[in-house]
Amino acid sequence: MKNFIEDQVELIRRQVGDKKVLLALSGGVDSSVVAAMLIKAIGQQLVCVHVNHGLMRKNESEGVVKVFRNQLHANLIYVDATERFLGKLDGVADPEEKRKIIGGEFIRVFEEEARKLEVSISWAREPFTRTSSSPAQNCQMVKSHHNVGGLPEDLQFELVEPLKQLFKDEVRACGIELGLPAEMVYRQPFPGPGLGVRCLGAITRDRLEALREADAILRDEFARSGLDKTVWQYFVAIPDFKAVGVRDNARSMGYMAVIRAVNTIDAMTATIERIDYDLLERIADRITAEVTSINRVVYEITKKPVATIEFE
Ligand code: XMP
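Just so you know, we're using my numbering here: the sequence shown kicks off at -2 and counts up by one.
Okay, here's the thing in structure tokens:
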């Protein structure tokens, strides 16, 4: 890996010369490792753009800024596009339409940021690293994955793709070698459209907020019990209806948090994690106590297929 990094650094310097490189930095494994590699190769000639589409998990964008701006001293533009995305998504319930709006808007925000920079810009995209079977291949027919496989044809950029040849585990090894924090390098997958495809149906702000909080509790409990090291992907989704409950001796309507925790090798098929009941109960107690708009927690036990991992 050391040799690989040295070679790539050399190649990047040769390719880029004195130009600038623009990188869409989501904070996921791939874009983070590309960023670390480019910082090593060209330092301040790299301009990272982190677009917060308002559908990130709790404290996620803050974490990206902290690591890349404060610790790695990257040249980072942070764009809070929350209002723009939520505005476009207002009232849209169809999963494919939601995905297309989020993916399309993401490219538009990114291009606007590129135009604002006066220098001539090349583009280092978030790479699709090779997995034995990438979501791009297996899910095209089922759902359109945003950020995988879809740069617009008319982009006037030259690509810098230092991780193109690597498998995901090699990308992680590269990230560790480059000094990225382990939490970042071993993160669970998170879809491009983010919480947007977990706040089911038409997104509302209060349900999105409840989802973000419940998901943070789930992740916290998984970390405390060590399951974050063994389970492939785990998250909360919230359907767009309320159920009757009782809180403070009175009838109350509340949302339902659906927990999903799956294991897979290639995301083509997945089995469910058999979570211990004590842990499930603790998670349910915490979610309903700390997120008062939620009054039910259920555990989803369907394999892929027939379900998909995400709900939309
Ligand atoms: P599904 O729901 O298709 O998900 O069974 C398979 C894996 O892909 C992730 N996923 C995405 N990843 N952009 C991504 O980068 C997307 O738009 C997207 N949609 C789903 C999902 O989280 C799971 O790991």
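From the three backbone atoms N, C-alpha and C, an ideal C-beta is built for every residue, glycine too.
Compute the beta-carbon to beta-carbon distance between residue i and residue j, rounded to the nearest angstrom, for a pair I have assumed lies under 8 Å.
i    : j    : result
R221 : Y252 : That pair is no contact at about 24 Å.
L156 : V30  : That pair is no contact at about 16 Å.
E307 : P188 : 6 Å
I256 : I214 : 10 Å between Cβ atoms; not a contact.
G25  : R184 : 7 Å
A207 : I235 : 6 Å
E110 : I74  : 6 Å
Y296 : L276 : Going by Cβ atoms, the distance from Y296 to L276 rounds to 10 Å, so no, they are not a contact pair.
Starting from the C-beta of residue i, find all residues in its chain whose C-beta is less than 6 Å away, skip the five residues before and the five after it, and write them out in chain order.
i    : result
K301 : T266, A267
H141 : A quick correction: the sequence has Ser, not His, at residue 141. Around S141: R96.
C171 : M(-2), V30
I173 : V182
A90  : G198, A199
Tell me which same chain residues have a C-beta within less than 8 Å of the C-beta of residue i, skipping the five on either side of it?
i    : result
E102 : H50, A78, R81, F82, K85
V139 : T305
L175 : I2, V30, A33, M34, K37
D212 : R54, K55, L192, R195, F232, V233
With a CB to CB cut of under 7 Å and the five nearest residues on each side skipped, what residues in its chain are close to residue i?
i    : result
V241 : R248, M250
F107 : A21, V46, V48
K239 : M250, G251, Y252
N72  : Q41, L43, V44, C45
D298 : Sequence inspection shows Ile at residue 298; the Asp mentioned does not correspond to that position. If we look at I298 and ignore the five residues flanking it on each side, its Cβ neighbours are I269.
Classify residue i as helix, strand or coil using the three-state DSSP reduction.
i    : result
V233 : strand
G251 : strand
I284 : helix
N67  : helix
I104 : helix
D268 : Here the sequence assigns Thr to residue 268, which means Asp is not the residue at that position. If DSSP states are grouped into helix, strand and coil, T268 belongs with the strands.
E309 : coil
Y75  : strand
K16  : coil
R293 : strand
K301 : strand
V194 : helix
A240 : strand
I262 : coil
R184 : coil
V228 : coil
I163 : Reading off the sequence, residue 163 comes out as Leu, not Ile. Coil, per DSSP.
R209 : helix
N49  : strand
V157 : coil
I256 : strand
A220 : helix
A21  : strand
Apply the 10 Å Cβ neighbour rule to residue i and answer buried if 16 or more other Cβ atoms are within range, or exposed otherwise.
i     : result
M(-2) : exposed
N292  : buried
A38   : buried
L95   : According to the sequence shown, residue 95 is Lys rather than Leu. So K95 counts as buried.
E93   : exposed
Q5    : buried
F232  : buried
F164  : exposed
L8    : exposed
L114  : exposed
V61   : buried
R209  : buried
Q42   : buried
E180  : exposed
T227  : exposed
If you measure from the CB of residue i, is any heavy atom of the ligand GDP nearer than 7 Å?
i    : result
T305 : For the structure depicted, the ligand GDP is absent and the ligand set comprises only the ligand XMP.
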